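Before any comments, here is the structure.
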Amino acid sequence: MTCNLLLVDDHSLIRAGVRALVLDIPGYAVIGEANDGAQLLEMVEKLSPDIILLDISMKETGGLEALQRLKAVRPQSKVLILSMHTDPSLIMQALESGAHGYLLKDTTATELEHALEALRNNERYLSPAIAHTVINQALVRAQKSQPEPVDTHNLTARQLEILRLIVRGKSTREIASGLGLSIKTVETHRSQIMKRLQIFDVAGLVLFAVREQIISLDD
């Protein structure tokens with residue numbers, strides 16, 4: 046089944062470049078383009094895209110504002126941020142506003158395919174280039190909030206290992222390949238991790254992992 050994409054960027058050349066990359070990825074199709082968040086919100090109900098590739102900085106209605114409004118308009122669409130911004134606060138704000146992934150604009154075609162595949166499989170995706178940035182930001186927030194400690198012994202050694210890889214932005218396929226496990230086994234562990242921790246987004250998992258010293262800034 047084809048996964049339908051909607052491109053949102055105020056630069057036509059960027060949209061053309063992304064469209065060209067998507068054309069080379071089997072199973073995906075670009076069904077529409079918008080040049081700002083307002084146009085996106087007009088188009089999304091009509092086109093019902095599976096995945097929205099969304100820029101943050103745009104004229105008129107920006108990506109973050111559009112993200113907030115998308116929750117009411119089309120919550121089932123997955124949102125992949127495609128941005129040049131690497132500011133940690135902005136990345137965390139995007140994730141907390143409902144983005145399912147964050148990809149830098151200087152990405153490769155292979156990484157774009159990995160990100161789309163992750164979102165298509167109801168996973169989240171972070172560019173490896175910004176994973177360390179997100180961890181740093183999560184550490185700062187954790188230190189400021191001083192949350193109550195959480196018992197990490199609910200997770201097995203294997204689940205802790207997989208959690209570390211998830212936090213670093215690895216996809217299910219990459220984790221399975223690296224650990225010599227089947228994709229189904231990794232998906233089962235991932236689901237159990239989220240249920241046991243009652244955390245269902247990557248930003249929350251990062252916060253948990255840093256706070257509980259499951260992962261450090263030197264990892």
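Add 45 to the 1-based position in the sequence shown for my numbering, that's all there is to it.
In this text, a Cβ means the ideal position worked out from N, Cα and C, and glycines have one as well.
Since the structure is predicted, the reported quantities are computational estimates derived from the model, not experimental observations.
Check: Let me check understanding here. Comparing Cα to Cα, which of ALA74, VAL179 and THR233 lies closest to ARG203?; Outcome: THR233
Check: With a threshold of 8 Å, are at least 3 pairs of Cβ atoms found where one atom belongs to the segment 140 to 157 and the other to the segment 96 to 115?; Outcome: yes
Check: Check whether the Cβ atoms of TYR170 and SER216 lie closer than 8 Å to each other.; Outcome: yes
Check: May I have the straight-line CA-CA distance separating ALA160 from ALA139, to the nearest angstrom?; Outcome: 16 Å
Check: Kindly list the residues whose CB is nearer than 7 Å to the CB of VAL251, restricted to its own chain and excluding five residues on each side of it in sequence; keep chain order.; Outcome: VAL179, ILE180, ALA183 and VAL212
Check: Here's a check: name, in chain order, each residue in its chain whose Cβ is nearer than 8 Å to the Cβ of ALA221, leaving out the five neighbours to either side.; Outcome: SER227, ILE228, THR230 and VAL231
Check: So which of ASP132, MET88, GLU90 and GLY82 has the shortest CA-CA distance to ASP100?; Outcome: GLY82
Check: Quick one: Cα of ILE136 to Cα of LEU149, how far?; Outcome: 11 Å
Check: Please look up how many angstroms separate the CB atoms of LEU86 and VAL63, rounded, as I've assumed it's under 8 Å.; Outcome: In fact, because the Cβ distance is near 20 Å, the residues do not count as touching under 8 Å.
Check: So who's on the other strand from LYS123, going by DSSP bridges?; Outcome: ILE96
Check: Report the three-state DSSP secondary structure of GLU168 (helix, strand or coil).; Outcome: coil
Check: Please list, in chain order, all residues of the same chain as ILE260 whose beta carbon is under 7 Å from its beta carbon, the five residues on each side excluded.; Outcome: ILE180, ARG209, VAL212 and ALA254
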